[in-house]
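Everything on this sheet refers to the single structure shown next.
Protein chains in written order, with my numbering: chain P, 1 to 516; chain D, 1001 to 1448; chain G, 2001 to 2128.
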């Protein structure tokens, strides 16, 4: 690798620009038009049989307009999407140190299991006796989730983490209603992920913010001062978004329970404590688990996910439908309150059918693969990797809080003071070096946050390589002469910095036939 | 362990660099009383061979709908997905990519989402669409909440033909979030009069077309009455293939269209993951929940795509967000888009025609049987039959004969006496003549 | 005579004839927000109370509530901002006005700061 000062001087000498090509393409990096620009009338990528000759039963509501969908043959479609994929970064292509996202390796056995016809081709409304294996899978996955978290029950239907948060808050609402109470407020730390206050507000609660202390944890005194019989509960992330374990968590849980409130835990950072501590032992009443984070199901460019919610004895009765129960006759789906003698107090339904089955098949394959010993090793290695990086980087970058850290470590932009370089610039320069940037500008409790979560599936060598780049980049920034170099990045990606201002001022959200 | 690359030597070196003697020192902030000393009570790790063996055995304890004659619908539909779709979505750069917050290295995801948004706008006949919701059912309640925000009213009118699970989700949210729903009586016959129930008190009317019982309605009159009262018309489509043959909700005057996209590109998967389609008029664009991809240019003036209008979303607006939603359906949206690209205009319309044709044929043959009466005058690929015996029993008996006859209405409407003998029958291009004959002879036997 | 007054939420207010007040965000505020992409305006004829959140100014990375510095009825919104939200950046205290309110209680103006007090307030905020 060139030293940091060489990189700067070669830029100044103007040697850093690629030569133009005739097409604008650059080797394997090809500019790919939209399917609407590639398609033609009369082409079709699927050979279909002829429809039956019948008199239609459409009641005169036949569609007779041109939809506008382009026609492409199969080779074109395959090439189009293959080329698109080449413009994407993925875990399979490189290190993804995104804090609170847990970008760990996505095992391929998971994909094989999810695609078994015995799972993939089950219709959700088949008679129970024909889907006992599916209910067994849901029940087994639920058992693993309950055991590893030390909780009494689990609601399996939420489709994603935020959906799980909604589920948790609605359980709390239902529990309070069952007690004949209506409380108005929910306490949320300043450092919380935006979904937390959004969820609480959606449920009609007034959100009150709890500040952090200088050591990066929730201010327990401030929290206790706000607790009274009008507080429905708190929403706490543990480990928190600063990468620290909330050491006073048991005290906090007790204080909340003492005023009759409930403790919602955001489980986004659960990767740090599997096999080391159980939320059930910490006083948690409900916690959503991001299956696509902790349990390795693929992020898929933004989804799908799954957000099952583990529940304490106090909240278990209110879990939404459907439930899966077992008796001497096998497994049963409880689709309405009281069916099979269960779910009488379920607060309702959050989603059609039974939940993200396709994500649970993958997750169970992952859980079986690791086992109780492997899952504990996952958390130990995740935490070890984060602390190792913190130690390697601490001299050049500014750590926001004192360790030890959990599975992620938080830096802020104090090390960039007076350099003219921002956290955003660092991220864009990293992209040129072949890395996806870390989480930036979150949490909001520090300025210019850089939140780094390596996960347990990286080698020590990968971490050392990344540390080397970050150290050189920090030194480059601090030279005070590199602001322009950074502001110009990235230079080598399929697209350079995008104009997000105009995209928001004059949104163009779809292709139009006359526009091109 | 095959997914954990650190060696014992690595760990030792790293602990030394950090300056602690054991990894447990890094967990010292966990209160002593909560620190686990033993492994949790679960099996220890398994090799891939054993994982495969165990889960394959579990899968074998199911009867896949793909291996027997199957006529199940009611919100999830089996269709043929071309082999290329599944290959393409498994490319590592699609499968293992994160949300495209760094557009420079996510143009693949962003471009396909832009194409997806365009395809959804086109098939629904609307101006704009978002980058997908979790599924049709959650999209439906998000549409109601969006209508509440826009109209500043608090009461939704839900059609008696709306999928009962979708309805349940709306009422569950309403109870928690503080809005009301008026539920019209269950519309078995497809004849409900919603127009007379429209008033200025309503934020929206939610209608499913085709309805749960399969009936097709012309919603244009209803749309006009809604507009006159400043009530938003939300149209729900649970079988998206119907949009290839039935007049689009946009053409009928819908303000918001919510659809379940699972039929295209995605297997039935025992209920999830699916893909929610969400489209609306241009003037309501900023009120849409979920992610939006927009076109822009980069620093060199080259066309590209970005996530846009993000300030509506939770990570910025926090308690004032349009929704708490963070994820979209990602890979399921990609599968939808690839399949629809393969079908194109010609293929999509033909597929819809095949589905309708198969259903018309089967309906005619079923109607000719003793003890079977088709209730629908109109339908797309799903219709309701009235049997001379309780449908749930018929379904169970036929299942023992390895025939998945359809969904008994009593499963969806356990409290409606009129539902007891009704069976919802869905037919797609996957149902062969043999399948249909098997169902017919099965019913003959059972209904004797 | 019209003097401009300022609120702690970085809004300016200028009263013109007939107790009609023109309101916008200050130049300092637009600088903090960055490039503005959208303004969500209040409804004309809406009655507002002092300190109600009645508008939202959005940049790419943030959305800022605009609070009513006084009570009254909204009688006009700046429709130019729909096509050109950048006007708020270019001329926050003139062409970039957001809305006009018919005042219901002129004494509320006394609770606001004059320019000198506002400048001092901003200087103090910056020091933290």
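Just so you know, even glycine gets a beta-carbon here, dropped at the ideal spot from N, CA and C.
Computed from a predicted model, the values in this text were never measured in an experiment.
Between residue i and residue j, what straight-line distance do the alpha-carbon atoms span, to the nearest angstrom?
i, j, result
"residue 109/P", "residue 388/P", "30 Å"
"residue 1427/D", "residue 1077/D", "9 Å"
"residue 1229/D", "residue 1149/D", "16 Å"
"residue 42/P", "residue 1109/D", "28 Å"
"residue 516/P", "residue 37/P", "Residue placement at residue 516/P is poorly supported in this model, since its pLDDT is 48, which falls under 50; the coordinates still yield a value, given next. Rounded to the nearest angstrom, the two C-alpha atoms are 9 Å apart."
"residue 1433/D", "residue 1441/D", "12 Å"
"residue 1366/D", "residue 1408/D", "16 Å"
"residue 1246/D", "residue 1069/D", "26 Å"
"residue 163/P", "residue 114/P", "22 Å"
"residue 30/P", "residue 2080/G", "41 Å"
"residue 67/P", "residue 1294/D", "21 Å"
"residue 384/P", "residue 1303/D", "42 Å"
"residue 490/P", "residue 1135/D", "36 Å"
"residue 443/P", "residue 2016/G", "44 Å"
"residue 1005/D", "residue 1012/D", "14 Å"
Give the single residue among the options whose Cα lies nearest to the Cα of residue i.
i, options, result
"residue 368/P", "78/P, 144/P, 114/P", "144/P"
"residue 2032/G", "2101/G, 2043/G, 2003/G, 2063/G", "2063/G"
"residue 1268/D", "438/P, 356/P, 169/P", "356/P"
"residue 1003/D", "497/P, 458/P, 504/P, 509/P", "458/P"
"residue 496/P", "230/P, 429/P, 280/P", "429/P"
"residue 1457/D", "1404/D, 1422/D, 1129/D", "This structure leaves residue 1457/D out entirely; chain D is present only between 1001 and 1448."
"residue 193/P", "78/P, 51/P, 72/P, 451/P", "451/P"
"residue 205/P", "196/P, 213/P, 211/P, 269/P", "196/P"
"residue 87/P", "74/P, 499/P, 436/P, 444/P", "436/P"
"residue 271/P", "408/P, 313/P, 462/P, 474/P", "408/P"
"residue 469/P", "434/P, 154/P, 232/P", "434/P"
"residue 1350/D", "224/P, 40/P, 48/P, 182/P", "48/P"
"residue 1530/D", "90/P, 22/P, 134/P, 79/P", "Absent from the model: residue 1530/D. The displayed extent of chain D is 1001 to 1448, so no value can be given."
Return the bridge partner residues of residue i from the DSSP annotation.
i, result
"residue 1256/D", "1234/D, 1280/D"
"residue 262/P", "233/P"
"residue 208/P", "187/P"
"residue 288/P", "266/P, 309/P"
"residue 332/P", "325/P"
"residue 88/P", "1106/D"
"residue 396/P", "Paired residue(s): none; residue 396/P is not in a bridge."
"residue 153/P", "311/P"
Report buried or exposed for residue i, applying the criterion of at least 16 other Cβ atoms within 10 angstroms of its Cβ.
i, result
"residue 374/P", "buried"
"residue 1415/D", "exposed"
"residue 100/P", "buried"
"residue 1025/D", "exposed"
"residue 1220/D", "exposed"
"residue 1158/D", "buried"
"residue 84/P", "buried"
"residue 179/P", "exposed"
"residue 2044/G", "exposed"
"residue 2074/G", "buried"
"residue 362/P", "buried"
At a cut-off of 6 Å, is residue i close to the ligand FAD when judged by its beta-carbon and the heavy atoms of the ligand?
i, result
"residue 2076/G", "What this structure holds is no ligand at all, so the ligand FAD is not there to describe."
Three-pair Cβ contact test at 8 Å for the segment 1207-1215 of chain D versus the segment 1382-1390 of chain D: Contact between the segment 1207-1215 of chain D and the segment 1382-1390 of chain D is present, because at least three Cβ pairs lie under 8 Å.
Touch test, the segment 1218-1234 of chain D against the segment 1195-1206 of chain D, Cβ-Cβ under 8 Å, three pairs minimum: yes
Validate contact between the segment 295-309 of chain P and the segment 1053-1073 of chain D using beta carbons, cut 8 Å, 3 pairs: no
Given 8 Å, three or more beta-carbon pairs between the segment 279-287 of chain P and the segment 256-266 of chain P: yes
contact_flag[the segment 410-423 of chain P, the segment 470-486 of chain P] where n(CB pairs < 8 Å) is 3 or more: yes
The segment 166-182 of chain P / the segment 306-321 of chain P touching (three or more Cβ pairs under 8 Å): yes
The segment 2088-2104 of chain G touching the segment 2017-2029 of chain G, judged by at least three CB pairs closer than 8 Å: yes
Cβ contact check for the segment 1175-1191 of chain D and the segment 1160-1167 of chain D: 3 or more pairs under 8 Å: yes
Validate contact between the segment 1354-1364 of chain D and the segment 1284-1293 of chain D using beta carbons, cut 8 Å, 3 pairs: In this structure the segment 1354-1364 of chain D does not lie against the segment 1284-1293 of chain D, because fewer than three pairs of beta carbons, one per stretch, are closer than 8 Å.
contact_flag[the segment 1248-1266 of chain D, the segment 1327-1345 of chain D] where n(CB pairs < 8 Å) is 3 or more: yes
Sufficient close CB pairs (3 or more, under 8 Å) joining the segment 395-406 of chain P to the segment 241-250 of chain P: By the Cβ criterion, the segment 395-406 of chain P is in contact with the segment 241-250 of chain P, since at least three pairs of Cβ atoms, one from each stretch, lie closer than 8 Å.
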